[in-house]
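Q: Note that the protein sequences, when read in sequence, are chains A and B. In terms of my numbering, the first sequence opens at residue 1 and continues consecutively. In terms of my numbering, the second sequence opens at residue 1 and continues consecutively. For every residue, glycine included, the Cβ atom is placed at its ideal position computed from N, Cα and C. Can you keep this structure in mind? I'll have questions shortly.
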Amino acid sequence: MKTLVIMNQAPYGDWSGREALDMAFSLAAFDQPVALLFTGDGVNWLRREQEAAAISQKAVDRNLAAATIFGVTALYADQQSCHRFGLDQHTMIAGITLADTNAGLLGEYDHVISLS
Amino acid sequence: MASIRTLHILNKRPGHPAFKSCLSSLENQDALLLTENGVLALVDKGLTLEGCVYALSPDLKARAIPGDASVAQAIDYDEMVALTARAQRVISW
Chain A
1 MKTLVIMNQA PYGDWSGREA LDMAFSLAAF DQPVALLFTG DGVNWLRREQ EAAAISQKAV
61 DRNLAAATIF GVTALYADQQ SCHRFGLDQH TMIAGITLAD TNAGLLGEYD HVISLS
Chain B
1 MASIRTLHIL NKRPGHPAFK SCLSSLENQD ALLLTENGVL ALVDKGLTLE GCVYALSPDL
61 KARAIPGDAS VAQAIDYDEM VALTARAQRV ISW
């Protein structure tokens with residue numbers, strides 16, 4: 001039962017993006033195969049060197065970097081959204097697979113969840 | 001420092017409906033202050049911002065968005081307070 005969690009919420013603006021991340025990590029912790037797809041405003045979670053302490057929040061780049069160790073099978077980022085927000089391999093954290101989301105990526109998963 | 005007629009404070013992401021209505025209500029002696037998700041406008045290729053634009057630097061730092069002085073002036077919280085005092089009217093979108 002493969003699950004894909006869609007991350008389309010802008011970072012830090014509200015809690016739904018963080019809740020989706022927590023859900024994905026809990027699924028992984030219970031050995032459920034889960035992957036993350038960052039798309040739309042959600043790709044902004046992936047920018048390097050976020051200093052969330054400036055707004056007294058916790059940055060997520062460390063959890064994302066360790067995601068595969070926690071059991072998350074893949075971290076995808078939608079190509080068009082990355083282009084729109086000027087993100088590429090140098091400005092994004094490592095371990096992200098660029099994906100063309102209308103190429104049937106969603107079809108590979110039994111559950112697709114979006115908390116937007 | 002030029003006086004500001006209306007200061008528009010915008011904390012919505014570019015895709016949010018309030019974002020468009022804020023931009024369309026901007027007039028020449030107005031200023032726009034981008035905060036929280038609003039700072040994403042500075043990295044959104046689908047957008048060009050004109051006029052007097054400020055952005056809150058803690059929100060830029062949190063999102064690792066480089067301040068581009070040619071587009072928006074990065075300010076801190078104290079300067080934000082000074083800005084609101086200088087404006088005749090403030091609208092929070």
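For Y76 (chain A), which of helix, strand or coil comes out of DSSP?
A: DSSP places Y76 (chain A) in strand when its eight states are reduced to three.
Q: Please state whether DSSP places S25 (chain B) in a helix, a strand or coil.
A: Coil at S25 (chain B), not helix or strand.
Q: Could you give the distance in angstroms between the alpha-carbon of T39 (chain A) and the alpha-carbon of S116 (chain A)?
A: Those two C-alpha atoms are separated by around 11 Å.
Q: Answer with buried or exposed for A65 (chain A), where buried requires no fewer than 16 other C-beta atoms within 10 angstroms of its C-beta.
A: Label assigned to A65 (chain A): exposed.
Q: A67 (chain A) and K58 (chain A) - do their beta-carbons sit closer together than 8 Å?
A: Not in contact: K58 (chain A) and A67 (chain A) (Cβ atoms no closer than 8 Å).
Q: Please return the same chain residues whose Cβ sits closer than 6 Å to the Cβ of E36 (chain B), not counting the five positions on each side in sequence.
A: Within the same chain, E36 (chain B) has close Cβ partners N11 and D59.
Q: Let me make sure I understand the geometry here. Which of A:G95, A:A24 and A:E19 has the alpha-carbon closest to that of Y117 (chain A)?
A: Not covered by the structure: residue 117 (chain A). The range shown for chain A is 1 to 116.
Q: At 7 Å on the CB atoms, spell out the chain B contacts of I55 (chain A), in chain order.
A: Result: P58, D59 and A62.
Q: Can you give me the C-alpha to C-alpha distance between V34 (chain A) and I69 (chain A), rounded to a whole angstrom?
A: Whole-angstrom Cα-Cα distance: 12 Å.
Q: Determine the DSSP secondary structure at S92 (chain B), reduced to helix, strand or coil.
A: Three-state result, S92 (chain B): strand.
Q: Which chain A residues sit within Cβ distance under 9 Å of V43 (chain B)?
A: Those are N44, R47, R84, F85, G86 and L87, listed as they occur along chain A.
Q: Measuring alpha carbon to alpha carbon, tell me which residue in A:R47, A:F85, A:M92 and A:N8 is nearest L36 (chain A).
A: Closest option to L36 (chain A), Cα to Cα, is A:N8.
Q: Starting from G46 (chain B), find everything on chain A with Cβ-Cβ shorter than 7 Å and list it in chain order.
A: Chain A residues near G46 (chain B): R84.
Q: In chain order, what residues of the same chain have a beta carbon less than 7 Å from the beta carbon of I65 (chain B), not counting five sequence neighbours either side?
A: V39, L42 and V43.
Q: Just checking my contact of A87 (chain B) with L7 (chain B) at CB under 8 Å: how many whole Å lie between their CB atoms?
A: Right, their Cβ atoms sit about 4 Å apart.
Q: Are the beta-carbon atoms belonging to L87 (chain A) and L46 (chain A) less than 8 Å from one another?
A: It is a contact, given that the beta carbons lie within the stated cut-off.
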